[in-house]
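Student:
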Amino acid sequence: MVIAKDPEVVTELAWWANNIGVTGGAFDSYLLLRGLRTLVPRMELAQRNAQAIVKYLQTQPLVKKLYHPSLPENQGHEIAARQQKGFGAMLSFELDGDEETLRRFLGGLSLFTLAESLGGVESLISHAPP
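For the sequence shown, counting from 1, position 8 maps to 8 in UniProt numbering; every step adds exactly one.
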């Protein structure tokens with residue numbers, strides 16, 4: 001899908017996408033259009049859930065640092081508040097503890113899977129070594 005304000009830009013981007021073979025097929029288009037119909041309520045729910053997790057993590061003594069655009073101390077807060085209708089559903093945090101603390105935390109999770117991906121519908125968590 002190509003979205004741009006200027007129709008000439010759309011035409012050029014569509015030409016390039018077709019030229020280098022990055023266009024989807026008919027079924028891909030169907031799935032995209034079907035998903036767009038429910039995108040707003042899904043994003044609203046995901047953002048509410050993320051905000052609830054942020055509020056919970058703010059109360060946890062083992063959370064050393066929390067990163068989410070909804071937090072005023074986040075470096076992207078002002079621009080996100082100005083440009084977006086919500087703050088998104090992705091967050092990051094640092095635990096205050098050693099490697100064993102981290103392993104216990106990750107091992108105790110039941111709703112989040114330890115994996116790295118930005119394109120799925122699963123709730124994932126990943127560990128980036130310092």
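Don't be surprised by glycine CBs; every beta carbon is placed ideally from N, CA and C.
What are the boundary residues of the beta strand (DSSP E) that F93 is part of?
Tutor: Run containing F93: 92–95, per the beta strand (DSSP E) assignment.
Student: Out of S110, V121, T59, which one is the CA nearest neighbour of F93?
Tutor: The shortest Cα separation from F93 among S110, V121, T59 belongs to T59.
Student: Leaving out five residues before and five after E44 in sequence, what residues of the same chain have Cβ atoms less than 6 Å from its Cβ?
Tutor: Here the set comprises nothing.
Student: In terms of DSSP beta bridges, what is Y67 paired with?
Tutor: Looking at the DSSP assignment, Y67 forms a beta bridge with S92.
Student: How would you call V69, buried or exposed, if buried means at least 16 neighbouring beta carbons within 10 angstroms?
Tutor: One point to set straight first is that residue 69 is Pro, not Val, in the sequence displayed. The residue in question, P69, is buried, as its Cβ has 16 or more Cβ neighbours within 10 Å.
Student: Rounded to a whole number of angstroms, what is the C-alpha to C-alpha distance between A26 and L32?
Tutor: Roughly 10 Å between the two C-alpha positions.
Student: Run through DSSP, which three-state label would S102 get?
Tutor: With the sequence shown as reference, residue 102 is identified as Leu, and Ser is not the correct amino acid for it. Note: L102 maps to helix in three-state DSSP.
Student: Leaving out five residues before and five after L114 in sequence, what residues of the same chain have Cβ atoms less than 8 Å from its Cβ?
Tutor: L106, L124, I125, S126, H127.
Student: Where does the unbroken alpha helix (DSSP H) through L118 begin, and where does it stop?
Tutor: Note, L118: premise wrong, no alpha helix (DSSP H); not H, not E.
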